[in-house]
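> One structure is given below, represented as structure tokens, and several questions about it will come after.
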DNA sequence: TTTTCATATTCGTATATTCGAATGTATTTA
DNA sequence: TAAATACATTCGAATATACGAATATGAAAA
């Protein structure tokens, strides 16, 4: 996907360079999840999860759909994420 | 390669999350280079290049061989690096 | 409308990262 | 040995990141 230069690619790595964000992204590979689902899967406070989700959204890695009072987050480029993580198997 | 968990993988991303370090790594994909070669390729001060190389070495991404008064740096896992960057083409 | 539930934002503080300038350390050459 | 070359390390200041606590928002249920 259109990320040719160093700054874009290193910025992308920076977003994935936090264990919590990496966990979130990995969980989202299995499908949409709302914030409380993610919070149950990952040991972290609600505000912290929200903060990381916000950064992921800012960097165009996730988006969400409102479902009632919940927000269901999903990966915007699941194949990119999958391809990258595949390298570490 | 042997990087199972979130912490290891996110730490690896963190090392690549700086434009200068990513540039260094990309240049080293073309083969060994000594510090002054790298400095010529990348617009940065000598001490700064050294600092980034030191971090790359600490994280087991590069190593070097002494050649006279120069140090020739090279990638320890060039295929891993190549495979990761390939994803962004 | 009030309350409740799900999530977001703000704020303060602690910690980490980055860089340049200066200095240190080998190694080689004179 | 002394000077030069190549690179590393240290230090301090600026900036960035991370987190929890508290508070805010917004949708739905009562």
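Protein chains in written order, with this note's numbering: chain A, 1 to 89; chain B, 101 to 189.
Glycine residues also receive a C-beta, built at the ideal position from the N, C-alpha and C atoms.
Since we're looking at a predicted model, the values are computed, not measured.
Looking at chain A, is there any beta carbon in it that lies within less than 9 Å of the beta carbon of residue 121/B?
Output row for residue 121/B: interface = yes.
> Helix, strand or coil: how does DSSP classify residue 123/B here?
Looking at residue 123/B - three-state DSSP - the assignment turns out to be helix.
> Kindly say whether residue 43/A, judged by its beta-carbon, lies nearer than 9 Å to any beta-carbon of chain B.
Not one chain B Cβ lies under 9 Å of residue 43/A.
> What residues of chain A sit near residue 86/B, judged by a beta carbon separation below 8 Å?
Limits of chain B in this structure are 101 at one end and 189 at the other, which puts residue 86/B out of reach.
> Does the beta-carbon of residue 33/A have 16 or more other beta-carbons within 10 angstroms, so that it is buried, or is it exposed?
Label assigned to residue 33/A: buried.
> Specify whether the segment 45 to 54 of chain A and the segment 111 to 125 of chain B touch according to this definition: at least 3 beta carbon pairs, one from each stretch, less than 8 Å apart.
In short, these stretches do not touch, since the Cβ pair count stays below three.
> Going by beta carbon distance, what residues of the same chain come within less than 8 Å of residue 175/B, once the five residues before and after it are set aside?
Correct list, in chain order: 125, 128, 129, 161, 162 and 181.
> For a contact meaning CB atoms closer than 9 Å, what does residue 149/B contact in chain A?
Within chain A, no residue comes near residue 149/B; the closest Cβ sits about 15 Å away, beyond 9 Å.
> Candidates 109/B, 136/B, 143/B and 105/B: which alpha carbon is nearest residue 169/B's?
The shortest Cα separation from residue 169/B among 109/B, 136/B, 143/B and 105/B belongs to 136/B.
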